[in-house]
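A.B. asks: One structure coming up, written as C-alpha cells, with questions to follow.
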Amino acid sequence: MRKKLVDDFINEEPNIYLPCFKYAEDPQLMILAIEKYFITWLDSYWILLDEYNLNPENEVDISSSVYLEIFVIVLESWNLSQTSKKSSPLLLEILKIKIDSLSEMLKIGDKSKKSYNKLQLQYEKDKILFEKEIQKLRG
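Position one of the sequence shown corresponds to residue 130 (my numbering), numbered consecutively onward.
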C-alpha cells in the first residue's frame, strides 16, 4: 500500500494532482481533498487485510487487533486519542462517513464555484449590454 501511495505521486495520479489545480483558489477545499485521499488510502489497508486473511493459501492469519493497534497509532497523530481496540467497527464506520462527508463537501465547493462563475458571467454580460445601451442613447 505504501508503494501505491508513492506510485500515485510518481505516476501523477489524477486523484492527487487534479485537486491541486482544481482547488488552487480555495485552500480549505484543497486540504479536504488531500485529507480525503489520505483517509481513502488508509481505509484501503483494511480491505487488503480482509483479502489477505480470506485467502486460504496464506499460512499466517494477520490479527485484526494487531493491525488495529498500528492503525490507532496513525490516527492518534490526528488527535483521535479516544479510539480503542474495541472500537474497530466504529472506527471503520467513522472513516467511511468521513470519506463520504469530504466527498460531499468537495461537491458543494465545486457547485458554489460553478454558481459563482455563472453569476460572474451574467454580471459581465449585463455590464456590456448596459454599456451598449448607454452608447446607443448617447449616439
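No residue lacks a Cβ here, since even glycine has one placed at the ideal position from N, Cα and C.
Bear in mind that the values here come from a model prediction, so they are computed numbers and not experimental data.
(1) Would you say L158 and Y166 are within 9 Å of each other, going by their C-beta atoms?
(2) To the nearest angstrom, report how far apart D242 and K261 are at their CA atoms.
(3) How many angstroms separate the CA atom of D179 from the CA atom of I145?
(4) Going by beta-carbon coordinates alone, are L171 and F138 separated by less than 9 Å?
(5) Considering Cα atoms alone, identify which of P148, Q251, F259 is closest to K236.
(6) In the DSSP assignment, find the unbroken alpha helix (DSSP H) run with D155 in it and report its ends.
(7) Does the Cβ-Cβ distance between L231 and E164 come in under 9 Å?
(8) Let me know the secondary structure DSSP gives E262 once reduced to three states.
(9) Beta carbon of I272, beta carbon of K227: below 9 Å?
(10) Use the C-beta contact count for L321: other C-beta atoms within 10 angstroms, 16 or more gives buried, fewer gives exposed.
C.D. replies: Short version:
(1) no
(2) Strictly speaking, residue 242 in this sequence is Lys, with Asp absent from that position. So the alpha carbons of these two residues sit roughly 29 Å apart.
(3) 25 Å
(4) no
(5) P148
(6) Counting along the chain, D155 falls outside any alpha helix (DSSP H), and DSSP gives it neither H nor E.
(7) yes
(8) helix
(9) The structure shown does not extend to residue 272, since the chain is modelled only from 130 to 268, so the question has no answer here.
(10) The shown model of the chain, from 130 to 268, leaves out residue 321, and the question about it has no answer.
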